[in-house]
């Protein structure tokens, strides 16, 4: 599900913000092309300057969405500490005036993987995630939270649904709520580790260039967790778009093959509970389509959970 944000563009930024970004790049921007995908209501522009320099700029204000500047600040702290060996864009600078936060990255001349996922691109991305886990173990970033602390509240979604069930709760979910709650609690307990994890790996947070090199972008949710977590999470996106046997992939991929099946089931149960619980909430300001996306992910996960829990 791509192009789901209602974005402003480069020309919508205040002149002072544009000027600050140009100061970071070191030249005047003469062209900006908005990029699709993601859910931020702020800018996501590939820009070109008068002398041909290129960069990627993302900027947002608290007026557009009160949480988005907080996420941009978190991403700036993490991106600035990522090692050069990681397949991620380089942070060139950050502008933060208290209202607007703008991040400026090196430009990646790539595109999002095709969805439904092509087998060759999926193979490249899975290989890149394996390399990423190796490059980011132990975590090179000290300030990020542990995955269990970051996700504990999210993974309690089934507990919230049990306490306040919606009138049209899926019959299978209603019959298995206790099992889903228990599995999600086990999922939180399985999140120990010292790998820097992205935890939002999906097609629109990945870029593939003409040579097939994969770059992992958008790091506001980074945390310390198990080396297998990002690979397991990518398979949710693969499952969402269809065309691949994600269960068989879990059993053969190097990072997940030896993981306790109950731990993987628990993580997927926690995610499904988060998506199902969040999807019934009003949309956050400036992000009208995120609830439908969350529901689609819950719908993709529940049959898989039924299979695994059986």
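Numbering (the numbering used here), first residue to last: 16 to 325.
Glycine residues also receive a C-beta, built at the ideal position from the N, C-alpha and C atoms.
Only a predicted model underlies this, so the values are computations on that prediction, with no experimental measurement involved.
Residue 239 is bridged by DSSP to 161, 211. Fewer than three beta-carbon pairs drawn from the segment 124-134 and the segment 175-192 are found closer than 8 Å, and the two stretches are therefore not classed as touching.
Rounded to the nearest whole angstrom, the C-alpha separation of residue 318 and residue 147 is 30 Å. Annotated three-state conformation of residue 290 is helix, per DSSP. Boundaries of the beta strand (DSSP E) harbouring residue 72: 69-76, taken from the DSSP string. In the structure shown, residue 146 adopts helical secondary structure according to DSSP, grouped into three states. Taking all protein chains shown into account, residue 57 has 16 or more neighbouring C-beta atoms within 10 Å of its C-beta and is therefore buried. Shortest Cα-Cα distance from residue 137 to any of 64, 246, 271 involves 246. The Cβ atoms of residue 114 and residue 76 lie closer than 8 Å to each other. Restricting attention to 241, 316, 287, 139, the CA atom closest to the CA of residue 226 is found in 139. Cβ-Cβ distances below 7 Å link residue 223 to 125, 126, 128, 136, 139, 229 in the same chain, with the five nearest sequence neighbours on each side left out; the list follows chain order. Here residue 101 is buried. Its C-beta has 16 or more other C-beta atoms within 10 Å. With distances taken between CA atoms, residue 153 lies nearest to 241 out of 284, 274, 241, 290. With at least 16 other beta carbons inside 10 angstroms of its own, residue 280 counts as buried. In the structure shown, the three-state DSSP call for residue 116 is strand. Closest in C-alpha terms to residue 104, from the list 220, 285, 239, comes 220. Pairing residue 237 with residue 211 gives a Cβ-Cβ distance under 8 Å. One alpha carbon belongs to residue 53, the other to residue 22, and they sit about 10 Å apart.
Within the model, the alpha-carbon separation for residue 272 versus residue 312 is close to 23 Å.
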